[in-house]
Structure formats: structure tokens, C-alpha cells
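In what follows, a single structure is set out as C-alpha cells and then discussed.
Residue numbers (our numbering): -19 to 101.
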């Protein structure tokens, strides 16, 4: 039974990712702003798949440091690290309290500044 559940979950997650990947980046950004994330955390992979760090870097960084639920922040962090090409940190380094995320976030923030420039006011 558990194998069937897992297969069903993975199929649904793949379908969710395919549907979100078909959306434009502005549509995906609106989903984040409206907190319409979907059920399978595919939103973050769809955003990373657009390969536009300039458009989403600060939005994603701010989301990671927000009060959003842990798993959404984790998956967002993973996608941001992919976009940055950062293999030094894992998503948990940016989101789990006992890993002292402030230190890793400070480094990632500086990487963003170097890659796309400072935040726009």
C-alpha cells in the first residue's frame, strides 16, 4: 500500500511541476505573492527552471526569511541555491534554526548582490 501511495504522490507532483512549468515567470511570481504554492512544492522547481535569477533572486531570499511554513521555505531555499550555483550550502543551512541560518543567509545575500546587484527600493 505505501508503494502505491508514494507512486501516486510522485505522479501528482510531476503533473503539478509540468503544469507550473508551463506558466510564465510573471505568473509564477504572482503565485508566490498570493501564497498560492500548490500542494507538492513544485512551484520552486518551476521558478528555478526559468533560470532568471535577476527576476526572482530577492523575492526568493525574502521568502526564505519570511514566516512562511518550513517546507515551503526549504524548497524555495533549495531552488535559490540551484539558481546561484551554490554547492557550499544545503537548503537546511538557510532554514533550520540549529544550523544557524543567519550565517549562511549572510553569505547567500552577498552572492545575490554580486550576481544581480543590491535590492531595489
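Even glycine gets a Cβ: it sits at the ideal position worked out from N, Cα and C.
- In chain order, 71 place their CB closer than 6 Å to the CB of residue 58, counting only its own chain and leaving out the 5 sequence neighbours on each side.
- The three-state secondary structure of residue 46, taken from DSSP, is coil.
- Per DSSP, residue 98 lies in no alpha helix (DSSP H) segment and is marked neither H nor E.
- Straight through space, the alpha carbons of residue 67 and residue 101 are spaced by roughly 29 Å.
- Collapsing the DSSP output to three states places residue 19 in coil.
- Using a Cβ-Cβ distance cut-off of 8 Å, the region -8 to 4 and the region 18 to 32 are in contact, since at least three pairs of beta carbons, one from each stretch, lie closer than that value.
- A straight line joining the alpha-carbon of residue 81 with that of residue 73 spans about 5 Å.
- Looking at the backbone, the Cα of residue 37 and that of residue 77 are separated by about 22 Å.
- For residue 12, the enclosing alpha helix (DSSP H) stretches over residues 5 to 14.
- Taking 8 Å as the cut-off, the Cβ atoms of residue 62 and residue 39 do not count as close.
- Measuring C-alpha to C-alpha distances from residue -12 to each of 46, 20 and 79 identifies 20 as the nearest.
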